[in-house]
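Peer 1: Quick note, in the working numbering, the sequence shown goes up one by one and the last residue is 608. Below you will find the structure I want to go over with you.
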Amino acid sequence: LHRVDRRQRQMCIRDSFIAAQENGNFYGGLESNMQRLITDEGINFLAPEDQFRANSYILLNYNLGKFTAGLQYESYLPSAMLGYSPIYDGQNDIATYYVNYKDKSLDITGGFFYDQFGSGLIFRSWEDRQLGINNAMKGVNVKFNATDDLTLKGVFGRQRNAFEESVGTIQAFDADLSLSNALNIDEIDIQVGASYVARYQDTNGNEALPGTVGAYGGRMDFIYKNFYGGVEAITKDPDVIVNEGQLSSNKLYDGTALQVNAGFAKKGLGINATFRRLENFSFFSDRLAEGNVFNQQLINYVPGLTKQQDYLLTNIYVYNPQPRLIIESFDQRAGEVGAQVDLYYSFKKGSALGGKYGTKLAANFSYWGGLDAEYNIENKWYKAKFIGSGKQLYRDVSLEVKKKLSKDWSTVFTYQNVLIDKGIFEGGPLGNSTVISNIGVLEATRKFENGKALRVVGQHLWTNKDRKNWAAAVVEYNFSTRLALYVADSWNYGGINEIHYYSVGGSYSKGNTRLGLNYGRQRGGLICVGGVCRFVPENTGVSANLTIAF
59 LHRVDRRQRQ MCIRDSFIAA QENGNFYGGL ESNMQRLITD EGINFLAPED QFRANSYILL
119 NYNLGKFTAG LQYESYLPSA MLGYSPIYDG QNDIATYYVN YKDKSLDITG GFFYDQFGSG
179 LIFRSWEDRQ LGINNAMKGV NVKFNATDDL TLKGVFGRQR NAFEESVGTI QAFDADLSLS
239 NALNIDEIDI QVGASYVARY QDTNGNEALP GTVGAYGGRM DFIYKNFYGG VEAITKDPDV
299 IVNEGQLSSN KLYDGTALQV NAGFAKKGLG INATFRRLEN FSFFSDRLAE GNVFNQQLIN
359 YVPGLTKQQD YLLTNIYVYN PQPRLIIESF DQRAGEVGAQ VDLYYSFKKG SALGGKYGTK
419 LAANFSYWGG LDAEYNIENK WYKAKFIGSG KQLYRDVSLE VKKKLSKDWS TVFTYQNVLI
479 DKGIFEGGPL GNSTVISNIG VLEATRKFEN GKALRVVGQH LWTNKDRKNW AAAVVEYNFS
539 TRLALYVADS WNYGGINEIH YYSVGGSYSK GNTRLGLNYG RQRGGLICVG GVCRFVPENT
599 GVSANLTIAF
């Protein structure tokens with residue numbers, strides 16, 4: 059009888075496993091970014107000994123009913139690609155893993171997870187492989203729908219730092235309430251929220267250091283007919299300031315953040331405006347990580363609020379946000395203040411400016427300056443005004459016109475005027491000099507049958523400073539929806555040395571698999587995604603990208 063019972067149990071376990079396989083869902087993906095660096099005397103680039111570099115990721119997930127589990131394996135062998143933090147070099151291991159339970163009212167994750175509160179200005183954990191950012195939290199994340207109108211979140215754990223964990227522990231709480239639903243208001247949709255995020259870090263007996271530094275925030279968003287808007291305000295407890303991994307002062311300084319946005323939208327017209335003021339508002343899971351150039355151990359999300367450009371020359375002079383407090387003899391900063399305004403308008407088909415197919419217009423204006431402040435460098439003291447007349451850091455005026463000329467031809471014209479402090483895009487002290495540039499771009503696309511298309515882009519940048527004038531061109535041909543080839547060149551002809559940053563390559567896709575390959579020179583400078591930037595040195599080589607989804 060005992061043997062029969064055991065055999066029956068084994069059969070039940072086997073049947074349960076088979077049923078789980080039949081009813082579950084397995085999914086994931088593979089991505090590998092590789093480069094082979096080549097010495098190039100034309101740009102004074104000497105290839106390092108580890109010429110071949112690769113960043114590779116394998117993501118595996120399994121879902122069964124209300125449960126989901128997964129892991130991500132990462133490899134940076136023999137070294138990480140240029141521009142990524144050296145803490146990844148030579149590393150390969152399981153980087154993240156998690157188990158999640160989710161039903162109608164409860165969502166619990168143990169292990170590594172990503173989340174954000176509100177816009178992310180107070181807390182955001184996310185992954186961006188192109189930027190080398192993965193600040194996943196390791197711990198417990200609980201989301202609870204208390205009612206149909208109220209959602210509560212609780213977070214506890216440590217942040218990922220490459221294959222290690224941050225020395226600081228994060229505890230956070232967020233509440234989000236649909237006020238309109240709770241009060242049965244139909245005319246206007248009002249959403250309110252409140253957040254608390256704290257970092258605890260051992261002081262090692264230094265009584266001048268705070269053990270816990272908290273940030274407290276509130277927000278409100280509304281939609282009324284064609285109008286929408288929102289406001290978010292945050293204050294941060296006093297903390298030390300750090301420069302290049304060293305404490306700049308034993309004094310403590312608090313911080314604040316304020317962001318206001320408003321807009322109007324209807325068919326054919328859209329207007330959006332955003333104002334933001336940041337004072338000493340950098341927040342890291344390790345107090346000594348403040349100001350690191352690789353964006354490691356970030357607790358919050360502070361993107362550059364400017365128009366995100368897509369072309370070779372419009373991405374030379376880009377704005378990197380300036381939330382830090384620095385009181386040094388070589389540089390003084392207290393934060394930033396500024397705004398941007400977007401306007402979208404569509405001219406109707408058949409009108410004088412719309413023509414047969416219509417015309418789309420997009421305009422943007424953005425201005426960012428340093429906070430107006432008084433500094434006492436010797437005593438590490440400062441006093442900032444709410445706005446004042448601080449140093450101008452960045453100003454951008456751009457106009458984009460999209461026009462379809464015929465069934466097969468479409469065009470895009472872009473003009474951009476940029477003023478930027480040279481220290482912003484070089485990553486050095488502010489106030490070196492100001493660069494003013496004008497950029498014109500004309501793009502034309504010709505569509506053919508069976509997915510074939512030709513895209514041609516011509517660009518020019520004028521400036522009498524820095525590296526002077528640039529000209530660029532891109533020719534791309536899609537042989538089908540699967541195969542595309544391109545050739546591109548950015549020619550810096552106005553400076554002391556005339557340099558071509560050429561590139562040739564293409565991509566092939568089939569099903570859930572895509573392979574991209576290119577050879578050429580990479581212009582050095584900031585590369586930005588979603589307003590967050592990383593610095594890439596000039597280099598020459600062959601690069602490849604392979605992605606597979608399953």
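Glycine is no exception: its CB is placed at the ideal position from the N, C-alpha and C atoms.
1) State the Cα-Cα distance for the pair residue 136 and residue 219, rounded to the nearest angstrom.
2) Note the first and the last residue of the continuous alpha helix (DSSP H) segment covering residue 240.
3) So the candidates are 194, 253 and 353; which of them puts its Cα closest to the Cα of residue 609?
4) Going by other Cβ atoms of all chains shown within 10 Å of its Cβ, with 16 needed for buried, is residue 426 buried or exposed?
5) Are residue 212 and residue 200 close, meaning C-beta to C-beta below 7 Å?
6) List the DSSP bridge partners of residue 345.
7) Going by DSSP, name the residue or residues bridged to residue 142.
8) Evaluate residue 275 with the Cβ neighbour count: other Cβ atoms within 10 Å of its Cβ, from every protein chain shown; 16 or more gives buried, anything less gives exposed.
9) So the candidates are 138, 133, 114 and 123; which of them puts its Cα closest to the Cα of residue 95?
10) Put residue 96 into one of helix, strand or coil per three-state DSSP.
11) Keeping to the same chain, check which residues put their C-beta closer than 6 Å to that of residue 422; ignore five residues upstream and five downstream.
12) Quick check: the Cα distance between residue 520 and residue 157, rounded to an integer number of angstroms?
13) For residue 613, which residues of its own chain have a beta-carbon under 8 Å away from its beta-carbon, when the five flanking residues on both sides are left out?
14) Give the DSSP bridge partners of residue 230, in chain order.
15) If you draw a straight line from the alpha carbon of residue 361 to that of residue 531, how long is it in whole angstroms?
16) Determine the direct distance from the alpha carbon of residue 116 to that of residue 77, and round the result to whole angstroms.
17) Which residues in the same chain as residue 314 place their Cβ atom closer than 6 Å to its Cβ, once the five residues preceding and following it in sequence are excluded?
18) Reducing DSSP to helix, strand and coil, say where residue 331 ends up.
19) If I follow the unbroken beta strand (DSSP E) through residue 482, where does it start and stop?
20) Locate the beta strand (DSSP E) running through residue 571, then write down its first and last residues.
21) My understanding is that residue 590 touches residue 189, with C-beta atoms under 8 Å, so please give their C-beta distance in whole angstroms.
22) Can you pull the DSSP bridge partners for residue 475?
23) Could you name the residues of the same chain whose beta carbon sits closer than 6 Å to that of residue 64, not counting the 5 residues immediately before and after it, in chain order?
24) Considering only C-alpha positions, which residue in the set 371, 544 and 402 is nearest to residue 321?
25) Apart from the five residues on each side of it in sequence, which residues of its chain come closer than 8 Å, Cβ to Cβ, to residue 324?
Peer 2: Let's see:
1) 19 Å
2) 237-240
3) Residue 609 is absent from the model: the chain starts at 59 and stops at 608.
4) buried
5) yes
6) Residue 345 pairs with nothing; no bridge assigned.
7) Looking at the DSSP assignment, residue 142 forms no beta bridge with any residue, so it has no partner.
8) buried
9) 138
10) coil
11) 365, 400 and 456
12) 54 Å
13) Residue 613 cannot be examined here, being either before or after the span of the chain that is shown, 59 to 608.
14) 213 and 255
15) 29 Å
16) For residue 77, the pLDDT reaches just 47, beneath the cut-off of 50, and the residue's location in the model is therefore unreliable, although a value from the coordinates is still provided. Roughly 26 Å separates the two Cα atoms.
17) 293 and 337
18) strand
19) It is not in any beta strand (DSSP E) - residue 482 instead sits in the alpha helix (DSSP H) that spans 480-484.
20) 571-580
21) 6 Å
22) 455 and 496
23) Only weak support exists for where residue 64 lies, its pLDDT of 45 falling under 50; the value from the coordinates is given anyway. Excluding residues within five positions, none has a Cβ falling inside 6 Å.
24) 402
25) 284
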